[in-house]
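Visitor:
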Amino acid sequence: MTADVSKNLTLAETSTKTLVASSSKARVPPRRPGFGTTGKNCIVKANHFLVKVAENDLHHYDVTIRPEVTSKLKTRDVMSLLVEQYGASLLGGRKPAYDGRKSLYTAGPLPFESKEFIVNLLQKDGNAGSSKPTRKEQPFKVAIKFAAKVYVHHLHQFLRGRQLDVPQETIQVLDIVLRTPPSKAYIAVGRSFFSTSLGQTGELGDGLEYWRGYYQSLRPTQMGLSLNIDVSARAFYEPILVTDFIAKHFNFRETSRPLSDHDRAKVKKALKGIKVELTHRTRSFKITGLSVEPLSKLSFTLDDKRSQMSVVQYFLEKYNIRLKYTSLPAIQSGSESKPVFLPMEVCICIEQIYWLLLV
């Protein structure tokens with residue numbers, strides 16, 4: 001093969017590849033003739049609402065939070081505080097949409113390509129048995145860096161029938177934008193939102209109740225971009241004392257007796273991960289387990305680091321609460337190295353989602 005022939009073949013191959021690549025999104029099949037000319041026109045009511053999207057492209061930014069936060073609720077708190085503190089100044093007045101993980105979206109560019117922020121999130125601290133609970137600020141370093149543009153043009157081209165490929169990324173970003181406001185007002189579960197303000201609640205039994213809510217999702221249709229909204233319902237824990245919850249959930253007729261090893265294992269599995277509030281103080285805890293010993297045998301070291309006091313005696317002297325269910329194990333919160341033990345009868349289940357995998 002001569003050099004000229006080889007060169008011509010290479011140029012032809014390159015030209016073919018370029019033609020295929022450049023035309024992959026530009027191919028438009030012939031329009032269907034006579035569309036909608038037969039049959040009878042009628043009006044159909046549906047739970048779809050047309051959405052108008054501006055022509056402006058969106059801007060995607062990568063978000064890194066240090067120290068790392070696994071809770072989406074906490075990451076949203078951090079980012080909400082950041083927007084509150086720096087929105088009018090360093091963010092140029094933009095109101096970003098945040099996915100709760102590592103992505104931030106704005107309707108226009110931020111005044112920087114990359115920037116770090118320090119956010120001090122107010123937290124409550126102090127052992128439940130401590131006489132000196134404190135409130136402290138936890139600093140977080142938030143790095144925001146430009147990642148890419150999200151081109152809305154491709155979505156408009158698709159909706160006008162000029163592009164075959166669905167711009168799924170753009171639709172997902174718009175979904176995040178639409179989920180941002182309700183995520184701040186309601187409890188979000190995937191694409192659904194729940195609140196006691198969205199409809200009547202009802203008891204399900206076993207210490208559970210149902211909440212009403214709604215589901216929303218953006219869908220491309222032949223008429224344009226549509227917001228699909230549907231009613232939804234979900235099981236939540238009743239806001240009742242933990243002692244009442246285990247009595248209802250396990251049909252215990254007598255909660256003053258000690259639990260067998262089998263019952264203790266069942267109760268521990270059902271309670272693990274639940275968030276509770278105290279009846280005598282403005283504190284909340286996440287249950288990590290149960291004490292091995294019953295409440296009557298538990299004690300802790302006082303603030304002076306020298307004296308020991310039983311939990312039962314402490315609640316009587318400190319809060320004038322005479323504990324009744326001292327044969328039950330205590331709720332355990334905190335870490336294994338620094339556990340916090342709480343009587344079940346002073347803990348109320350916070351309104352939260354009931355996950356079937358927990359029981």
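Reminder that position 348 of the sequence shown reads as 348 in full-length UniProt numbering, one-by-one numbering, no gaps.
Just so it is clear, CB atoms sit at the ideal spot from N, CA and C, and this is done for glycine as well.
This one's a predicted model, so the numbers in the text were calculated from it and none came from an experiment.
Would you kindly report the start and end of the unbroken alpha helix (DSSP H) that includes Ala-265?
Guide: First-last of the alpha helix (DSSP H) with Ala-265: 261–271.
Visitor: With a threshold of 16 other CB atoms inside 10 Å of the CB of His-262, please say whether the residue is buried or exposed.
Guide: So His-262 counts as exposed.
Visitor: Mind listing, in chain order, the continuous beta strand (DSSP E) runs of no fewer than 3 residues lying wholly within the stretch 56–89?
Guide: Correct list: 58–66.
Visitor: Does the count of Cβ pairs from the stretch 72–86 and the stretch 136–156 closer than 8 Å reach three?
Guide: Yes: at least three Cβ pairs fall under 8 Å.
Visitor: How long is the line joining the alpha carbons of Thr-210 and Gly-36, rounded to whole angstroms?
Guide: The sequence shown places Tyr at residue 210, rather than the Thr named in the question. Taking the straight line joining both Cα atoms gives about 44 Å.
Visitor: Cys-349 and Ile-246: beta carbons closer than 7 Å?
Guide: Cβ atoms of Cys-349 and Ile-246: not closer than 7 Å.
Visitor: Should Gly-34 go down as buried or exposed, given a rule of 16 or more other Cβ atoms within 10 Å for buried?
Guide: Exposed.
Visitor: Taking Leu-58 as the reference, which of Leu-73, Ser-71, Lys-95, Val-44 has the closest Cα?
Guide: Comparing Cα-Cα distances from Leu-58 to each of Leu-73, Ser-71, Lys-95, Val-44, the minimum goes to Lys-95.
Visitor: Can the beta-carbon of Leu-110 be found closer than 7 Å to that of Gly-92?
Guide: Against a cut-off of 7 Å, the Cβ pair of Gly-92 and Leu-110 comes out as a contact.
Visitor: DSSP beta-bridge partners for Glu-106?
Guide: Sequence check: residue 106 is Thr here, not Glu. Its beta-bridge partners are His-59.
Visitor: Exposed or buried, which one is His-280 when buried takes at least 16 other CB atoms within 10 Å?
Guide: Exposed, by the Cβ-count rule.
Visitor: To which residues of the same chain is residue 360 closer than 7 Å at the C-beta, ignoring the five residues directly before and after it?
Guide: The question about residue 360 has no answer here: the residues shown for the chain are numbered 1 through 359.
Visitor: Just list the residues that DSSP pairs His-48 with in beta bridges.
Guide: Looking at the DSSP assignment, His-48 forms a beta bridge with Asn-228.
Visitor: Residues in its own chain within less than 6 Å of Ser-310 by CB, not counting five upstream and five downstream?
Guide: Result list for Ser-310: Ser-299, in chain order.
Visitor: With 16 as the cutoff for other CB atoms within 10 Å, does Val-166 come out buried or exposed?
Guide: Label assigned to Val-166: exposed.
Visitor: Do the stretch 194–213 and the stretch 230–245 make contact, defined as three or more Cβ pairs closer than 8 Å?
Guide: Result yes; three or more Cβ-Cβ pairs closer than 8 Å.
Visitor: Mind the definition here: the stretch 250–257 touches the stretch 321–329 only if three or more C-beta pairs lie below 8 Å; say whether that holds.
Guide: Enough Cβ pairs lie closer than 8 Å, so yes.
Visitor: Alpha carbon to alpha carbon, what distance is there between Leu-218 and Val-44?
Guide: Cα to Cα, Val-44 sits roughly 19 Å from Leu-218.
Visitor: Using 7 Å as the threshold, is the C-beta distance between Ala-97 and Ile-176 below it?
Guide: Cβ distance < 7 Å, so Ala-97 and Ile-176 count as in contact.
Visitor: Below 8 Å, can you find three or more Cβ-Cβ pairs linking the stretch 328–336 to the stretch 279–298?
Guide: Judged by Cβ distances under 8 Å, the stretch 328–336 makes contact with the stretch 279–298, as three or more pairs qualify.
Visitor: When you compare only the Cα positions, how much space is there between Pro-294 and Tyr-354?
Guide: Going from the Cα of Pro-294 to the Cα of Tyr-354 covers about 27 Å.
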